[in-house]
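Remarks on the structure that follows.
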Amino acid sequence: MSEQHGEPVVDLQLDRAHSARIYDYFLGGRTNFLADRTAAASVLSVFPSAAVAARVNREFMHRATRALARAGLRQFLDIGTGIPTSPNLHEIAQGVAPDARVVYTDNDPIVLAHAAALLRSTPQGRTAYLQADVTEPADILTAPQVRETLDLGRPVALSLIALMHFVPDGGQDRAHRVVEHLKAALPSGSTLAMTHATADFAPEAMARISDIYAAAGTSVTYRTEAEFARFFDGWELLEPGITLAHHWRPDDPGEATQVTDAVAASYAAVARRP
Numbered sequence: 082m083s084e085q086h087g088e089p090v091v092d093l094q095l096d097r098a099h100s101a102r103i104y105d106y107f108l109g110g111r112t113n114f115l116a117d118r119t120a121a122a123s124v125l126s127v128f129p130s131a132a133v134a135a136r137v138n139r140e141f142m143h144r145a146t147r148a149l150a151r152a153g154l155r156q157f158l159d160i161g162t163g164i165p166t167s168p169n170l171h172e173i174a175q176g177v178a179p180d181a182r183v184v185y186t187d188n189d190p191i192v193l194a195h196a197a198a199l200l201r202s203t204p205q206g207r208t209a210y211l212q213a214d215v216t217e218p219a220d221i222l223t224a225p226q227v228r229e230t231l232d233l234g235r236p237v238a239l240s241l242i243a244l245m246h247f248v249p250d251g252g253q254d255r256a257h258r259v260v261e262h263l264k265a266a267l268p269s270g271s272t273l274a275m276t277h278a279t280a281d282f283a284p285e286a287m288a289r290i291s292d293i294y295a296a297a298g299t300s301v302t303y304r305t306e307a308e309f310a311r312f313f314d315g316w317e318l319l320e321p322g323i324t325l326a327h328h329w330r331p332d333d334p335g336e337a338t339q340v341t342d343a344v345a346a347s348y349a350a351v352a353r354r355p
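As structure tokens, then:
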């Protein structure tokens, strides 16, 4: 970020595809650019159901957030927010509990440019936005936007939707260590809602997608069900446990049967800290 006439100038890096903007394209959004659309078209050429998979992830976030708000959670930390696509997490949470507080974070500078859409809180609640990277969890947890919006001494609902597969392990189990750092900072009664891409059901297509993202400068690390389960170590999984994203408490069980596991291509679960 540079300054011009005393004002910060954000480099939106529009010449490079970014996972948040590719996801926005799959969701039918308009905040994406040629590099993003080119990468998305390549993904669709090998995985025509990519838009369905994105929708499945988004709908899981809606259902999980609604369930947690109904269960009494009033504080939400959404890391890897992505381009604002209504209804956003705070709209779901505050639709149940108008006093809910939400902090969003993302590392894509264009999300910052559109953050106003994430800050339209109810009068009773509050929202905030933080430009940050999940691989620096300490920076997130100590940021003023987090400390001034959330009380980390009370339960927090942590949301990591379609994010951690963009964190490579580097031979050091990095992704799991990042999540453990975040979990350790949250008190009893806190929750973790998470989805994660997997190659367990369509390995050839997923390998080709990984190559496409790599060519765009983004690493993708698929994880097995057992590897996904490790993110929840020490916490209690809520029913129905680890499932494919479309099978986690579907609003219409009949609709869930219309999406195959290979199309969903992502595990999902919600867990609570004892």
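In the working numbering, the protein residues as written are 82 to 355.
Ideal Cβ placement from N, Cα and C applies to all residues, glycine included.
In this structure the stretch 243-252 does not touch the stretch 192-204; the number of beta carbon pairs closer than 8 angstroms is below three.
Cβ neighbours of residue 271 within its own chain (closer than 6 angstroms, five residues either side excluded): 236, 237 and 354. Comparing alpha-carbon positions, the option among 179, 327 and 139 lying closest to residue 344 turns out to be 327. Checking the DSSP bridge columns, you'll see residue 347 partnered with 278.
When only Cα atoms are considered, residue 180 and residue 289 end up about 44 angstroms apart. DSSP, reduced to helix, strand and coil, places residue 183 within a strand of the structure shown.
Within its own chain, the residues whose Cβ lies closer than 6 angstroms to the Cβ of residue 113, once the five positions on either side in sequence are excluded, are 102, 105 and 106, listed in chain order. Out of 294, 323 and 318, the CA that lies nearest to the CA of residue 118 is found in 294.
In the DSSP assignment, residue 159 forms a beta bridge with 185 and 240. Residue environment for residue 269: exposed (fewer than 16 other C-beta atoms within 10 angstroms of its C-beta). When rounded, the separation of the alpha-carbon atoms in residue 226 and residue 257 is 24 angstroms. Listed in chain order, the alpha helix (DSSP H) runs fully inside the stretch 186-269 are 190-194, 218-223, 225-228 and 255-265, counting runs of at least 4 residues.
Taking residue 249 as the centre and dropping the five residues before and after it, the same chain places the C-beta of 255, 300 and 302 closer than 7 angstroms to its C-beta, in chain order. Under DSSP, the beta-bridge partners assigned to residue 317 are 353.
Residue state for residue 324 is assigned as strand, using DSSP reduced to three classes. The criterion of a C-beta distance shorter than 7 angstroms is satisfied by residue 99 and residue 189.
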